[in-house]
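Shown next, in structure tokens, is the structure this report addresses.
2 protein chains.
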Amino acid sequence: MRELTCDVAVIGAGTAGIAAHRAALDAGVKSILIEQGPGGTTCARVGCMPSKLLITAANAAHGAREAHRLGIRVGEVAVDGPAVLARMRHWRDRFVASVFEGLDRLPAETRLSGRAVFEGPDRLRIDDHTRLRFKAAVLATGSSPSVPDPLQDLGHRLLTTDTVFDMEDLPASLAVLGAGPVGLELAQAMARLGVETQVFDPGDSLGGLSDPDLKAAAREIFSQAFALHLGAKVERGRVDGDGARLGWDGGETRVERVLAAAGRPPNVRGIGLELTGARLDERGSPAHDPRSLLCEGSAILIAGDANADRPVLHEASRQGRIAGRNAARIAAGEGAERPERWVALAMVFSEPQIAVIGGGFDEGADRLVGRADFCDQGRAQVMDEAQGGLRLYAEPGGRLAAAELIGPGAEHLGHILAHAVQDGLDVRRLRERPFYHPTLEEGLDTALSDLADQLR
Amino acid sequence: MRELTCDVAVIGAGTAGIAAHRAALDAGVKSILIEQGPGGTTCARVGCMPSKLLITAANAAHGAREAHRLGIRVGEVAVDGPAVLARMRHWRDRFVASVFEGLDRLPAETRLSGRAVFEGPDRLRIDDHTRLRFKAAVLATGSSPSVPDPLQDLGHRLLTTDTVFDMEDLPASLAVLGAGPVGLELAQAMARLGVETQVFDPGDSLGGLSDPDLKAAAREIFSQAFALHLGAKVERGRVDGDGARLGWDGGETRVERVLAAAGRPPNVRGIGLELTGARLDERGSPAHDPRSLLCEGSAILIAGDANADRPVLHEASRQGRIAGRNAARIAAGEGAERPERWVALAMVFSEPQIAVIGGGFDEGADRLVGRADFCDQGRAQVMDEAQGGLRLYAEPGGRLAAAELIGPGAEHLGHILAHAVQDGLDVRRLRERPFYHPTLEEGLDTALSDLADQLR
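So the sequence lines, in the order shown, correspond to chains A and B.
Following our numbering, the numbering of the first sequence begins with 1 at its first residue and continues without gaps.
Following our numbering, the numbering of the second sequence begins with 1001 at its first residue and continues without gaps.
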């Protein structure tokens, strides 16, 4: 067994880990990046990118089918499943390759391969080949899909976000367990690609929406896209030929494949965290400061999906940079910095899209609510996409605090709103800005105007 | 002839005039709105809205034809011209109707119908029925399409933006004179709707682009969409059966219809401005302060397309409000206010879209240039829309001064950039904001990062 020492050990070579390693190297300390397969980031390999590729094809099929509404006559629309999946994988592999290219530009002597396990507060074992002493460590081990108990024995009939993008052809039918962002995106894409799709979720919300009005709007919209079972928990699952039979309180169904999309818990177990001095909660996750990312009672920082805080790429990337810089500071005997958190921003790339900014709706808060409806929004009508709504939540003094929307272009309006919340902008100030006509952004002005009336 | 007096006379009931009249009424003065046909705003009747409706149908046809690139097999795509045009007019008429509904909510005694002509610095004649004395007037007479000399005798073969949306069916072929925003939008839409389309412009720019790199990119992109004749001035036009024959230095062509899209000069002639004391330039337009909108030597304010300054709806609407408020102040013996101008913002709803912010490229200015390319932008690749580029122009100290882009989602990125320029934000500050992944907005961060490297 080789014995090595370093200033900073970064465990995990995904988005957060790579960013942390780079930041530590930039700070001038000796940093080691420890990589365990399969390589490529969650985002590029099994997350953002392949899902958006499927969605692009699905929306094209949907658009072709609906073009008659605009005066365009289209012959039969046939989905070539293997071709759709092949294009998805072609681009996915390019995105993954560019992750590897980035890694290969790092100095080779700063990288180690293998599974890292803590053996104490300042040392790791990597497989059986290396012992690594560190002054600070960054835990960036990512997340893995959870598989609900009733699906455990379904064999190849069970898909997770780790395996769904490797299908060679589309199934005839699919049950999606989980109506969060990932479940909703994939369910709608599959339905538009001709897969008979059902969605199950024990809750009453779709895509992470929390505003009661918008939740209701989403239920109405998406129940036209696929069979939607909300308040339904799948309790039984068994193999049925090449398919699976699922049962819940209220019914039973047979599908060809089942997609578990009920979350990706962090990879924090079985890696010896209990030997580090870090205070762990009942699920084995270390308590940490969400700003410095430092785990209590240790010199370990936790970034990206591993802290289960905001499992989205832009946060993983920023958290990685913060954790890497702070690890370097701790290794140099300095205290950790605590930069302000960014405004929370979550998006769903369904049609219509969803965006939740600053945590969205907050029942208990003393807030004014500004409303706009995409059903009578000019540009949305022009584009034949007039559905959904927008809610802005402002403090009584007029400062924009949060927002939530389901509607066309939510990914774009979401950015404007997120930046406005983060910049601490006031409703009156926000109205003194140009909104071009005819754009979806004018919907923001409608809701801002509603707020301004309440502030008079 | 009836004799009336008022505080404020507003000439023209388009976007600017209606806003001015409302603002004057809100200020508590006696305002009269003088309306001359055809009614409905330029935007709703012959501008933004009908063009965007055509573009929606055109893009649907294009999307269906290109869906095979994504693995979606689509049968024959046929454009039902009358159906496309009927949907366009259905919605156009609804938008126009909502303008009329807004007018009808105004007090009837504040409205007059007819053509208004100045008879002196403080009085107007309306047709032959009314003389109106005013303390201040708002000139909001809008604009009309210009018809180049060689097209004057083409009869019904000549279309302008005032008539093109009333066609019952699409022509087989079309020549578009003018490659500015309106010409470019309509040319691409017509081409995608199956009309054999040629575009002529004496200049070398498309859609108002001014950055040399982006102009070149646009020429390459759009020359694949239609026959593009830049540097070509149509010098001869004559009737040829039900079509027209056009000649320019370099060729001759026959088309079924010709669309004059070479600008909409302001309606400032033949309305007696020379009797008002306002200082007029050689084209008869009054010299005015672009902030207060007050015309030199008079108590007349000029707003919207009539001042030919920024002929876009959001400016017409704001200018109307400013002019109406200032007219009320002048009528009350107070001075005019001079609010800061908004950042200039122009957009073209082509595919890819174009946006020019803060005037765009400025050859003489001492500016840093941040670059990003949509050809290798992740989301653009995913959506099969990877073309175009982005240029950010920053002052040497780091403040964002202007921007220009051609690419997918330019209407959305354009808003973020316009607000950043108007808020006076610094490149470093702009980078400390979340950009969700994978979105087109990340392209902004790429260009900002390029600028940040230069600012180090």
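In this text, a Cβ means the ideal position worked out from N, Cα and C, and glycines have one as well.
Boundaries of the alpha helix (DSSP H) around B/Q1188: P1181 to R1192. If you draw a straight line from the Cα of B/G1297 to the Cα of B/R1269, it comes to about 18 Å. Note on geometry: alpha-carbon atoms of A/E363 and A/G370 lie some 15 Å from one another. With distances taken between CA atoms, B/A1380 lies nearest to B/I1406 out of B/A1060, B/I1406 and B/A1308.
Only those residues of the stretch 371 to 387 of chain A whose C-beta falls short of 8 Å from the nearest C-beta of chain B are listed: G378, R379, Q381, V382, M383 and D384. With fewer than 16 other Cβ atoms from the protein chains shown falling within 10 Å of its own Cβ, B/C1375 counts as exposed. Chain-ordered, the chain B residues with CB closer than 7 Å to the CB of A/R73 read A1078 and D1080. Excluding residues up to 5 positions away in sequence, Q188 and A191 lie with their Cβ nearer than 6 Å to the Cβ of A/A225 in the same chain. In this model, B/E1185 and A/Q454 are separated by some 39 Å (Cα to Cα).
Counting of Cβ neighbours within 10 angstroms places A/F100 among the exposed residues, the total staying below 16. Within chain A, no C-beta atom comes less than 8 Å from the C-beta of B/R1291; the nearest is roughly 14 Å away. Straight-line measurement puts the Cα of A/R133 at about 6 Å from the Cα of A/L124. Separation of the CB atoms of A/F361 and A/E404 is rounded to 6 Å, and the pair is thereby assigned contact status at 8 Å. Using a CB distance cut-off of 9 Å, B/E1411 counts as an interface residue toward chain A. For A/M49, the three-state secondary structure derived from DSSP is helix. If you look at A/M1, you'll find it isn't in any beta strand (DSSP E); DSSP assigns it neither H nor E. Short of 8 Å from the beta carbon of A/D153, and not among the five residues preceding or following it, lie these beta carbons of its own chain, in chain order: G237, R238 and V239. When Cβ pairs closer than 8 Å are counted between the two stretches, the stretch 70 to 84 of chain A is seen to touch the stretch 1063 to 1077 of chain B, the count reaching three or more.
For B/G1012, there is no enclosing alpha helix (DSSP H), since its DSSP letter is neither H nor E. For A/L54, the closest alpha carbon among the candidates A/L294, A/D242 and A/T161 is that of A/T161. A residue is called buried once 16 or more other Cβ atoms fall within 10 Å of its Cβ, and A/R254, having fewer, is exposed.
Taking one beta carbon from each stretch, the stretch 408 to 428 of chain A and the stretch 331 to 339 of chain A have fewer than 3 pairs nearer than 8 Å; the two do not touch. If you check each beta-carbon in the stretch 1413 to 1425 of chain B against every beta-carbon of chain A, the ones closer than 9 Å belong to L1413, G1414, H1415, I1416, A1418, H1419, A1420, Q1422, D1423 and L1425.
Against chain B, the beta carbon of A/F95 has neighbours under 8 Å at G1378, listed in chain order. Distance from the CA of B/L1273 to the CA of B/A1016, rounded to the nearest whole angstrom, comes to 19 Å. Out of A/G378, A/G14, A/L85 and A/A216, the CA that lies nearest to the CA of A/I302 is found in A/G14. Residues of chain A whose Cβ lies closer than 9 Å to the Cβ of B/A1323 do not exist, since the nearest Cβ in that chain is about 17 Å away. In this structure A/V382 is in contact with B/W1091, their Cβ atoms being roughly 6 Å apart against a cut-off of 8 Å. In the three-state scheme derived from DSSP, where H, G and I count as helix and E and B as strand, A/W342 is classed as coil. One alpha carbon belongs to A/L400, the other to A/E252, and they sit about 46 Å apart. When secondary structure is reduced to three states using DSSP, A/R291 falls in the coil class, being assigned neither helix nor strand. B/G1155 is not a Cβ neighbour of B/P1181, given a cutoff of 9 Å. The alpha carbon of B/W1342 has as its nearest neighbour, out of B/I1322, B/R1367, B/M1001 and B/R1329, the alpha carbon of B/I1322. Between B/A1057 and B/A1140, the CB-CB gap reaches or exceeds 9 Å. For A/R329 and B/D1373, the gap between their C-alpha atoms comes out near 36 Å.
For B/F1200, the CB contacts under 6 Å within the same chain, skipping 5 residues up- and downstream, are L1177, H1229, A1232 and V1234 in chain order.
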